[in-house]
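Presented below is the structure to which this report refers.
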């Protein structure tokens, strides 16, 4: 009887445990750790309090009640999206824009628009993960994957960040060289740009809003500079509208088209946005607060990327007007673009060379500071390092600056050598894209992670389709690059072995997370079978 009684108690206890687990699974995502337990994006004292303006102080956690729209609240939530949008405006993107304009004219503007829309979708999913869980993507990856996979993902994210940072720092150094009339060499510009780490630390002491205001000034500087150049060059309004509204693609512009799409997804930016949204004080246990934050962040991010699209549009059309169909079109790059503009349009009251230099400097400085920011979140999240901010920023900055100085000294011999370097850096970042997108799409569709805020099946299919498209397009870029650059049996063998390991890890990530939606797998399987037949 005693044994039967004990078994009955155990059954009741197990039943209660199952019910409790089910209730937690259905009601909300796991609570974020306390500040003292794990590394966090922002300490509680650093977060911005979003005041409840409608007077409702009590909220039932089990319901989603979203207060009416408020312009004041939108202002309080404005900031993270603009910091995220800077990755769409870094020197690497500007070089892609100017080359697309010079070689393809106005014909790829429609692709620039839709690439920006795809980038917006990915960034909104990144923000969704950060808001709904109270943790950023690197932290969630630390819990989701075994140690060996977590370390590989961290290493890949750091490589992507270093590649982006080298482009950004060299872009700033080129701008400094332009604005100093060539007095300061490239390596000196790199060292000056490296000091942004300390500027960043200085600004952080004054709060998140002050830092966001500085980025707003830098984005405004870019917008004014490139809009001024747009006005000076007077591109054709008719051709501009046709380029946006009518899809056109020729065999001669495939490479530029791939570059336009490949630039919209920056691996470190996916990690960054999920952390930036946590700068506002949101209780992830209150569904109404979470949904409200998601709504405001969606509006803010859409506005920010609309502005970045306009700036990219200005750059593309400036070079389409000036250099499309000319003999300089295939040789133009970030290094010589300013001089080509000066030769084409002359000095005027304020030489166009210096306007270009100011815009490029704003792009380089803003993107290097956000790169430092992203580096802190990536390292802290994957490795759970609780270091002082100045030390963490110094470490992450050193990872990029040391190789950049070496690169500046080695590749400062000619314009063509810097262009070759830029191609290799684009390849390096393209390789890393799956290692940001696959974990993001895996986690944002998991009920155990997201609770009621997991994405639905339709959005999941759309997101995986966009991700697959971006990965395939970057895969084409990689294939095209390696076919033209890989020479020698030993190098070819190393590339093949590395490619096999790379594909195997991607397959592991997809399969481990439940990956692609079943319907999408079925469609892909049928298409592959049809192709084989």
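Residue numbers (our numbering): 1 to 533.
Note that the Cβ used here is the ideal one computed from N, Cα and C, for glycine as well.
Residue i and residue j closer than 7 angstroms at C-beta
{"i": "residue 97", "j": "residue 368", "result": "no"}
{"i": "residue 194", "j": "residue 186", "result": "no"}
{"i": "residue 153", "j": "residue 435", "result": "yes"}
{"i": "residue 221", "j": "residue 362", "result": "yes"}
{"i": "residue 374", "j": "residue 272", "result": "yes"}
{"i": "residue 101", "j": "residue 293", "result": "no"}
{"i": "residue 322", "j": "residue 233", "result": "yes"}
{"i": "residue 256", "j": "residue 103", "result": "yes"}
{"i": "residue 223", "j": "residue 358", "result": "no"}
{"i": "residue 259", "j": "residue 64", "result": "no"}
{"i": "residue 164", "j": "residue 261", "result": "no"}
{"i": "residue 468", "j": "residue 441", "result": "no"}
{"i": "residue 404", "j": "residue 379", "result": "no"}
{"i": "residue 270", "j": "residue 417", "result": "no"}
{"i": "residue 247", "j": "residue 432", "result": "no"}
{"i": "residue 342", "j": "residue 332", "result": "no"}
{"i": "residue 360", "j": "residue 175", "result": "yes"}
{"i": "residue 263", "j": "residue 474", "result": "no"}
{"i": "residue 91", "j": "residue 171", "result": "yes"}
Rounded separation between residue i and residue j - CA only
{"i": "residue 513", "j": "residue 445", "result": "10 angstroms"}
{"i": "residue 74", "j": "residue 336", "result": "41 angstroms"}
{"i": "residue 33", "j": "residue 283", "result": "In this prediction, residue 33 has a pLDDT of 49, which is less than 50 and means its spatial position is unreliable; what the coordinates show is noted afterwards. Between residue 33 and residue 283, the C-alpha separation is close to 12 angstroms."}
{"i": "residue 89", "j": "residue 480", "result": "25 angstroms"}
{"i": "residue 327", "j": "residue 317", "result": "18 angstroms"}
{"i": "residue 298", "j": "residue 124", "result": "6 angstroms"}
{"i": "residue 422", "j": "residue 285", "result": "45 angstroms"}
{"i": "residue 443", "j": "residue 364", "result": "32 angstroms"}
{"i": "residue 95", "j": "residue 290", "result": "38 angstroms"}
{"i": "residue 295", "j": "residue 345", "result": "45 angstroms"}
{"i": "residue 407", "j": "residue 166", "result": "8 angstroms"}
{"i": "residue 237", "j": "residue 356", "result": "22 angstroms"}
{"i": "residue 192", "j": "residue 241", "result": "40 angstroms"}
{"i": "residue 205", "j": "residue 50", "result": "20 angstroms"}
{"i": "residue 230", "j": "residue 313", "result": "9 angstroms"}
{"i": "residue 613", "j": "residue 456", "result": "Because the chain is modelled from 1 through 533, residue 613 falls outside the range shown and cannot be assessed."}
{"i": "residue 203", "j": "residue 211", "result": "6 angstroms"}
{"i": "residue 99", "j": "residue 77", "result": "35 angstroms"}
{"i": "residue 235", "j": "residue 409", "result": "38 angstroms"}
{"i": "residue 392", "j": "residue 386", "result": "9 angstroms"}
Reduced DSSP secondary structure (H/G/I, E/B, other) of residue i
{"i": "residue 280", "result": "strand"}
{"i": "residue 48", "result": "strand"}
{"i": "residue 262", "result": "helix"}
{"i": "residue 433", "result": "coil"}
{"i": "residue 354", "result": "helix"}
{"i": "residue 403", "result": "helix"}
{"i": "residue 438", "result": "helix"}
{"i": "residue 66", "result": "coil"}
{"i": "residue 87", "result": "helix"}
{"i": "residue 128", "result": "helix"}
{"i": "residue 2", "result": "At residue 2, the pLDDT of 48 sits below 50, so the modelled position is not reliable; the number obtained from the coordinates is stated separately. Residue state, collapsed to three classes: helix."}
{"i": "residue 80", "result": "helix"}
{"i": "residue 388", "result": "coil"}
{"i": "residue 268", "result": "helix"}
{"i": "residue 181", "result": "coil"}
{"i": "residue 134", "result": "coil"}
{"i": "residue 105", "result": "coil"}
{"i": "residue 163", "result": "helix"}
{"i": "residue 173", "result": "helix"}
{"i": "residue 381", "result": "helix"}
{"i": "residue 513", "result": "coil"}
{"i": "residue 145", "result": "coil"}
{"i": "residue 100", "result": "helix"}
{"i": "residue 445", "result": "coil"}
Whole-Å CB distance - residue i paired with residue j, under 8 angstroms assumed
{"i": "residue 371", "j": "residue 161", "result": "6 angstroms"}
{"i": "residue 498", "j": "residue 275", "result": "Their Cβ separation, rounded to whole angstroms, is 30 angstroms, which puts residue 498 and residue 275 out of contact at 8 angstroms."}
{"i": "residue 169", "j": "residue 190", "result": "6 angstroms"}
{"i": "residue 280", "j": "residue 48", "result": "5 angstroms"}
{"i": "residue 128", "j": "residue 453", "result": "7 angstroms"}
{"i": "residue 300", "j": "residue 119", "result": "That pair is no contact at about 15 angstroms."}
{"i": "residue 244", "j": "residue 109", "result": "5 angstroms"}
{"i": "residue 381", "j": "residue 138", "result": "3 angstroms"}
{"i": "residue 215", "j": "residue 86", "result": "7 angstroms"}
{"i": "residue 265", "j": "residue 437", "result": "7 angstroms"}
{"i": "residue 428", "j": "residue 159", "result": "6 angstroms"}
- Residue ranges of each alpha helix (DSSP H) within the segment 447-493, 4 or longer: 447-450, 457-485
- What are the start and end residues of each continuous alpha helix (DSSP H) run of 4 or more residues lying completely inside the segment 188-250, in chain order? 196-204, 208-233, 237-245
- Task: Scan the segment 281-345 and note each continuous alpha helix (DSSP H) run of 4 residues or more that stays entirely inside, going in chain order.
- Result: 287-323, 337-345
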